[in-house]
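Reading through the structure tokens given below for one structure.
2 protein chains.
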Amino acid sequence: MKIVIIGGGAAGLGAAGAAKGVDPDAEVVVYTEYEDVAYSPCGIPFVHGKEIDSFDRLFLATKEQYIQSGIDVHYETTVRSIDRAAKTVEVDGEGAVSYDRLVIAAGWNYADPGVPGTDLSGIYEVKNIRRAMEWDVVLDSTKSAVVVEAGAIAMEMVTALVHRGIEVTVVDPGPWPMADVIDPDIVEPVRADWEKLGVKMLWGHKVTELGGGTGALTHVETTDGTIEADLAIIGTHKVPNNPLAMAAGLKLGTTGGLVVDATMQTSDPDIYGAGDCTEIPHGVTMIPLQGLSGSHAYAQGKTAGINAAGGTRDYRPVYVPWGMLAGEWMIGGVSFGETLATALGLEFHSATAQGITRARYYPGVRPITVKLLADPDELRIIGAQMVGGEGIKERADFLAMATRAGITVEQLATMENVYSPAIGALNEPISVAAQNLLASL
Amino acid sequence: MKIVIIGGGAAGLGAAGAAKGVDPDAEVVVYTEYEDVAYSPCGIPFVHGKEIDSFDRLFLATKEQYIQSGIDVHYETTVRSIDRAAKTVEVDGEGAVSYDRLVIAAGWNYADPGVPGTDLSGIYEVKNIRRAMEWDVVLDSTKSAVVVEAGAIAMEMVTALVHRGIEVTVVDPGPWPMADVIDPDIVEPVRADWEKLGVKMLWGHKVTELGGGTGALTHVETTDGTIEADLAIIGTHKVPNNPLAMAAGLKLGTTGGLVVDATMQTSDPDIYGAGDCTEIPHGVTMIPLQGLSGSHAYAQGKTAGINAAGGTRDYRPVYVPWGMLAGEWMIGGVSFGETLATALGLEFHSATAQGITRARYYPGVRPITVKLLADPDELRIIGAQMVGGEGIKERADFLAMATRAGITVEQLATMENVYSPAIGALNEPISVAAQNLLASL
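Those sequence lines, one after another, are chains A and B. According to the numbering used here, the stretch in the first sequence is residues 1 to 441, in order. According to the numbering used here, the stretch in the second sequence is residues 1 to 441, in order.
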């Protein structure tokens with residue numbers, strides 16, 4: 001059994017390890033265009049921001065460790081095409097390489113901002129760690145930066161750039177940060193924080209040109225005028241990296257992601273997909289989603305690897321708990337906020353509670369806001385949005401399971417909670433939000 | 001409608017406020033033996049430990065606020081007896097006071113340690129805030145203390161005493177701290193911390209006498225010899241404070257707690273019970289439990305108050321999420337650990353996972369251990385135990401709901417989780433523990 005994997009990120013390496021777990025004798029070959037695998041790209045903004053002192057700390061495993069576990073990683077190696085009839089991939093410098101099973105874990109790219117000037121120097125797409133190391137040196141002498149659309153990584157970069165003393169302007173066509181995901185009341189503390197830190201924000205505006213006469217960026221044209229800048233951070237949304245799959249005639253969905261079944265099998269029974277190049281149905285709406293987290297990519301990769309190697313595992317529709325640090329705040333949620341649910345035409349009831357994370361007199365206590373959305377018929381939880389100082393990740397995980405398991409507002413309104421001054425307040429804001437929702441009906 | 005409430009803690013005040021919410025015209029009278037209501041007794045150990053700078057910060061509301069909300073609190077006033085036939089209570093200085101509905105929220109006392117010398121000075125039962133203010137002055141000149149049994153408050157006091165530079169010896173008949181609640185592997189990091197801090201621990205030993213010739217404590221006799229000490233902290237378990245209820249012939253259960261139905265009604269339809277003087281069935285075993293948290297007491301009080309005032313609310317069996325700070329660690333859980341489940345004769349499968357709370361390279365990352373217990377037939381979660389550096393309260397709340405809702409190990413093994421370096425790790429330890437449990441079968 002020979003399993004070829006295209007992509008060395010969380011999905012590709014997850015698939016490789018899981019395939020070896022099922023079939024230790026399988027030949028597992030991973031192709032990556034990059035110099036490295038097994039590092040945490042999600043950590044890059046925090047090294048730029050100096051929260052983490054070195055890019056070296058982002059590496060999870062050494063190349064030697066992969067060799068020892070029998071996974072053959074080919075670095076800086078591009079796969080040019082897939083020949084499904086011959087069951088081969090065409091690899092630069094290797095020619096036609098055969099496979100029994102192929103796993104496509106080719107990841108994502110930033111959407112093209114679609115404006116002139118993207119070939120200038122001074123334009124940074126935060127993604128690859130080697131490029132990040134080079135850019136980190138550039139940041140030392142950068143005076144002012146424009147963030148072109150405020151996606152998740154770009155939001156982390158705003159804070160990082162401020163920490164580096166760089167003047168930052170965010171230009172985003174939405175009415176507030178991450179308007180496709182987050183409700184305005186939830187993100188308001190972050191926006192206010194940024195304002196206090198001197199970040200300039202142009203909401204509802206677009207970048208129209210990346211400008212610079214001599215090959216290097218000097219200014220950014222927007223629908224609100226010109227901004228002097230020696231750096232532009234591309235923060236557009238993720239798009240699936242699927243030119244190979246498309247050329248091979250594999251079925252792609254409405255998001256551009258590979259369509260996969262519960263085993264992560266594509267429209268070709270010998271080819272699996274995993275991670276950001278696939279699309280996965282949402283558990284409530286069954287609408288396909290693309291561009292989830294590294295944790296999703298890893299779980300999908302494991303599922304693909306297990307099935308590719310002859311094992312059995314199903315991946316399931318997703319409810320998408322998410323969360324991140326944004327300035328001094330943690331924001332997060334599950335599935336939908338009010339904005340997205342409304343845009344999707346979903347009917348819902350919602351209610352919000354303000355709470356605190358510890359006893360109000362205990363050091364380190366932080367505010368927390370929880371908003372719950374429930375379907376109007378059975379009052380089952382369908383989404384949540386949160387902003388606070390701690391405990392956002394854990395609550396998002398909880399509420400994602402609540403959504404999946406069909407937990408009702410009534411159940412959350414009567415939930416028990418830990419009360420101990422140093423670690424939790426008398427009233428749990430999830431429960432209070434549920435009580436408020438019931439009271440509002 | 002006149003509602004009389006005995007007790008001014010979380011249960012009593014919860015009942016008073018909820019009764020007023022249902023029937024604003026109700027006459028609501030609260031009797032308390034103490035000088036204050038509406039403070040957080042749970043915060044006392046942390047003021048002693050200097051994490052919180054003043055006892056004043058523990059007060060939640062002023063006496064004026066209760067007057068304004070129409071709740072008539074009688075301070076330092078003892079209720080001597082209940083005459084159920086006449087529907088009156090006999091109150092010191094007031095004589096027979098009639099009621100339409102009575103709520104007993106009389107709370108708890110430390111179990112009598114059952115040894116000679118409890119009348120000596122130098123013996124501190126951590127409970128009332130006025131006494132705590134006085135004892136806090138005493139702590140300034142205290143050299144060495146013995147903690148007589150390591151209940152939850154006593155465990156917090158160990159840390160507090162160490163923070164005050166006091167030499168501490170813990171004497172407890174159990175084989176490790178809180179052995180009736182916590183498993184040894186979970187509490188081991190706490191024990192190791194205490195050892196590092198110089199705390200002496202006599203596990204499996206009993207105090208046999210509190211000794212002192214001149215009326216003040218000078219030493220403590222134990223089954224392992226004599227300990228010089230000028231302070232003893234009583235840390236025995238909570239017992240329901242029910243002499244009034246017993247004298248009135250109300251039905252008490254095996255724990256000594258008032259037996260109540262789902263509306264918190266006692267065996268007398270005009271009398272309700274709430275808080276630590278009641279017993280509540282456990283959701284899995286239906287075994288009655290007593291001595292839960294302030295959060296439970298408050299929710300029970302609200303239920304009792306609502307029903308006493310003519311409204312309708314049910315309280316339900318409990319799954320008891322719990323948690324606390326212990327040294328540098330947070331410990332917590334839901335329902336049972338292996339020790340208690342085994343003692344109760346429950347059959348279960350269990351598995352443990354070691355994890356981390358953030359990306360391993362992110363500042364502030366802490367280890368976390370999660371143990372899950374599941375019933376052997378359907379693999380539904382029946383209990384959990386945890387120790388870690390952060391996120392214990394939120395996970396305990398989650399797993400308490402999981403236990404109540406019948407969530408299975410398979411569901412937790414495939415749960416989604418937030419991955420973002422600053423707030424959550426790639427792998428959620430709850431999920432890994434569930435995966436480990438499935439793998440062990």
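Positions of the beta carbon are idealized from the N, C-alpha and C atoms, including for glycine.
Close-in-space but distant-in-sequence residues of the same chain around residue i (CB under 6 angstroms, 5 per side omitted)
i: GLY406 of chain A; result: ARG380
i: ARG80 of chain A; result: GLU90
i: ASP180 of chain A; result: none
i: TYR99 of chain B; result: LYS2, VAL4 and LYS87
i: VAL260 of chain B; result: THR266, GLY273 and THR278
Residue(s) in a DSSP beta bridge with residue i
i: GLU209 of chain B; result: B:GLU221
i: LYS50 of chain A; result: In the DSSP output, where bridge partners are listed per residue, LYS50 of chain A has none listed.
i: LEU412 of chain B; result: DSSP lists no partner for LEU412 of chain B.
i: TRP203 of chain A; result: A:ASP172
i: ASP324 of chain A; result: The displayed chain sequence assigns Met, not Asp, to residue 324 of chain A. A:ILE331.
i: THR369 of chain B; result: B:GLN354 and B:VAL387
i: TYR31 of chain B; result: B:ILE6 and B:HIS74
i: ILE233 of chain B; result: B:TYR124 and B:VAL147
i: ILE227 of chain B; result: B:VAL220
Residues near residue i in its chain [Cβ-Cβ closer than 7 angstroms; skip 5 each side]
i: PRO177 of chain B; result: ALA150, MET155, VAL187, VAL190 and ARG191
i: VAL115 of chain A; result: VAL207, THR208, GLU209 and LEU210
i: SER40 of chain B; result: LEU58 and LEU60
i: THR223 of chain B; result: HIS205, LYS206 and THR208
Contacts of residue i in chain B (Cβ-Cβ under 8 angstroms)
i: ILE423 of chain A; result: GLY323, MET324, LEU325, MET330, GLY332, ILE392 and LYS393
i: GLN411 of chain A; result: MET401, ARG404 and ALA405
i: TYR362 of chain A; result: GLY43, PHE46, GLU51 and ILE52
i: VAL320 of chain A; result: GLU416
i: SER144 of chain A; result: What SER144 of chain A touches in chain B: nothing, since even the nearest Cβ is about 25 angstroms away.
i: SER69 of chain A; result: What SER69 of chain A touches in chain B: nothing, since even the nearest Cβ is about 18 angstroms away.
i: SER350 of chain A; result: Residues of chain B passing the Cβ test: none, with the nearest at roughly 20 angstroms.
The alpha helix (DSSP H) enclosing residue i, as first and last residue numbers
i: PRO317 of chain A; result: No alpha helix (DSSP H) contains PRO317 of chain A, which DSSP labels as neither H nor E.
i: TYR66 of chain A; result: 63–68
i: GLU279 of chain B; result: Per DSSP, GLU279 of chain B belongs to no alpha helix (DSSP H); it is in the beta strand (DSSP E), 278–281.
i: GLU188 of chain B; result: 184–196
i: GLU156 of chain B; result: 152–163
i: THR339 of chain B; result: 338–343
i: ALA96 of chain A; result: Premise fails: ALA96 of chain A lies in the beta strand (DSSP E), 95–98, not in any alpha helix (DSSP H).
i: GLU134 of chain B; result: 129–139
First through last residue of the beta strand (DSSP E) which encompasses residue i
i: MET330 of chain B; result: 329–335
i: ARG80 of chain B; result: 79–83
i: ALA384 of chain B; result: 381–388
i: HIS74 of chain B; result: 71–74
i: PRO240 of chain A; result: 238–240
i: GLN354 of chain A; result: 349–356
i: ILE3 of chain A; result: 2–6
i: ILE271 of chain B; result: 271–273
i: ARG101 of chain B; result: 101–104
Closer than 7 angstroms at the beta carbon, the chain A residues around residue i
i: GLU428 of chain B; result: ASP397
i: GLY456 of chain B; result: A question about residue 456 of chain B goes unanswered here, because the residues of chain B that appear run from 1 up to 441.
i: SER335 of chain B; result: Those within 7 angstroms of SER335 of chain B in chain A number zero; the least Cβ separation is about 10 angstroms.
i: SER440 of chain B; result: Correct list: empty, because the minimum Cβ distance to chain A is about 16 angstroms.
i: SER98 of chain B; result: None at all; the shortest Cβ gap to chain A is about 32 angstroms.
Contact set between residue i and chain B, taken where Cβ atoms lie within less than 7 angstroms
i: THR414 of chain A; result: ARG316
9 angstroms Cβ cut-off: residues of chain B touching residue i
i: TYR298 of chain A; result: TYR419, LEU426 and ASN427
Interface residues of chain A facing residue i [CB-CB closer than 8 angstroms]
i: LEU58 of chain B; result: TYR361
8 angstroms CB neighbourhood of residue i in its chain, flanking five on each side removed
i: ALA396 of chain A; result: PRO321, TRP322, GLY323, GLY332, GLY333, VAL334, ALA384 and MET386
i: ALA262 of chain A; result: ASP314, TYR315 and ARG316
Quick check: the stretch 308–321 of chain B against the stretch 17–30 of chain B, are there 3 or more CB pairs under 8 angstroms? yes
Taking 8 angstroms as the cut-off, does the stretch 269–282 of chain B touch the stretch 356–363 of chain B (at least 3 CB pairs, one atom from each stretch)? no
Meets three-Cβ-pair contact criterion under 8 angstroms: the stretch 288–307 of chain A and the stretch 160–176 of chain A: no
Touch test, the stretch 344–360 of chain B against the stretch 369–386 of chain B, Cβ-Cβ under 8 angstroms, three pairs minimum: yes
Segment contact flag, the stretch 158–168 of chain A with the stretch 44–62 of chain A, C-beta cutoff 8 angstroms, min 3 pairs: yes
Specify whether the stretch 405–420 of chain A and the stretch 386–394 of chain A touch according to this definition: at least 3 beta carbon pairs, one from each stretch, less than 8 angstroms apart. no
Counting pairs of Cβ atoms below 8 angstroms between the stretch 245–261 of chain A and the stretch 281–296 of chain A, do you hit three or more? yes
Cβ pair count under 8 angstroms reaching 3, the stretch 61–72 of chain B against the stretch 415–428 of chain A: no
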